[in-house]
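This note's numbering numbers the first residue of the sequence shown as 61 and each following residue consecutively.
Beta carbons are placed, not taken as given, at the ideal position from N, Cα and C, and that holds for glycine.
Being a predicted model, the structure only gives us computed values, none of them experimental.
Notes to accompany the following structure.
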Amino acid sequence: MKSFILIVISIIAVIIIVGGVTALHIMNEAGMGVDDLDSNSINNLINKVSNVASSDNSNSGDSSSDKSLMGDLGDIVNDEIKYNYQNGGGYYREVTYKDGGFRQYDTDSGKLIGSSYESDQSKLPRME
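This is the structure we're talking about:
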């Protein structure tokens with residue numbers, strides 16, 4: 061009976077450790093270090109993820125515009141969050157497709173801010 065309890069406790073400890081390591085990895089990928097942890101930075105990260113998710117679902121009624129703007133999900137090779145030096149701060153999401161093209165989305169608004177596709181050029185913000 062004691063060995064069963066020790067096995068269960070060991071399994072729970074391993075799950076907690078793996079969860080903590082995964083959380084730290086995700087935070088580092090999002091540009092947040094352990095030193096940056098406070099309630100405001102965590103809330104900002106949650107809001108950014110929510111904005112991107114809601115903007116991705118906002119056009120769900122028009123499947124043709126979803127496919128042209130988002131591409132086929134099976135074609136995605138890489139999806140990562142990067143620091144936006146050009147905008148003076150903030151982050152953007154860069155999605156790379158298997159045809160070598162990419163699209164960049166602002167993480168705050170979810171809007172398309174960069175693309176290598178000719179068909180997207182009219183949808184990009186104008187530079188003055």
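So what does DSSP say about residue i, is it helix, strand or coil?
i      : result
Lys62  : helix
Thr156 : strand
Leu184 : coil
Asp139 : strand
Ser175 : strand
Asp126 : Annotation note: pLDDT 43 at Asp126 (below 50); position unreliable, no value reported.
Do you know whose CA, among the options, lies nearest residue i's CA?
i      : options                   : result
Lys142 : Thr82, Lys158 and Gln164  : Gln164
Lys158 : Tyr152, Asn138 and Tyr177 : Asn138
Met187 : Ile72, Gln146 and Gly79   : Gln146
Lys171 : Phe64, Tyr177 and Pro185  : Pro185
Report back the beta-carbon spacing between residue i and residue j to the nearest angstrom; my notes put them in contact at under 8 Å.
i      : j      : result
Ser175 : Phe162 : 7 Å
Val155 : Ile173 : Not really, about 12 Å apart at Cβ, beyond 8 Å.
Gly150 : Thr167 : 7 Å
Using a Cβ-based criterion (distance less than 7 Å to any ligand heavy atom), does residue i qualify as near the ligand ATP?
i      : result
Lys158 : The ligand ATP is absent from the structure shown, which contains no ligand whatsoever.
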